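Residue numbers (this note's numbering): 182 to 255.
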């Protein structure tokens, strides 16, 4: 997938990938359509960071989920 072009489809792909990598129990609370293309770069940065991490502490997961929550459209 080409993530260089901001699109809603790319956002949904990245959000789903982050949810899978974090193995979120309540993954239904975070949906790709909760985000807009205006937040694309922030979501992409978060996605790239998560994909590079080999594992996550509870604190890491809380921080990532918190960041995703702050990026949700109002």
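From the three backbone atoms N, C-alpha and C, an ideal C-beta is built for every residue, glycine too.
Keep in mind the model is a prediction, meaning the values are calculated, not measured.
Check: Cut-off 7 Å between Cβ atoms - residues of its own chain near residue 208, not counting five sequence neighbours on either side; Outcome: 200
Check: For residue 194, three-class secondary structure by DSSP; Outcome: helix
Check: Residue 245: first and last residue of the uninterrupted alpha helix (DSSP H) it sits in; Outcome: 239-252
Check: Under the three-state DSSP convention, the category residue 231 falls into; Outcome: helix
Check: Alpha-carbon spacing of residue 254 relative to residue 246, whole angstroms; Outcome: 15 Å
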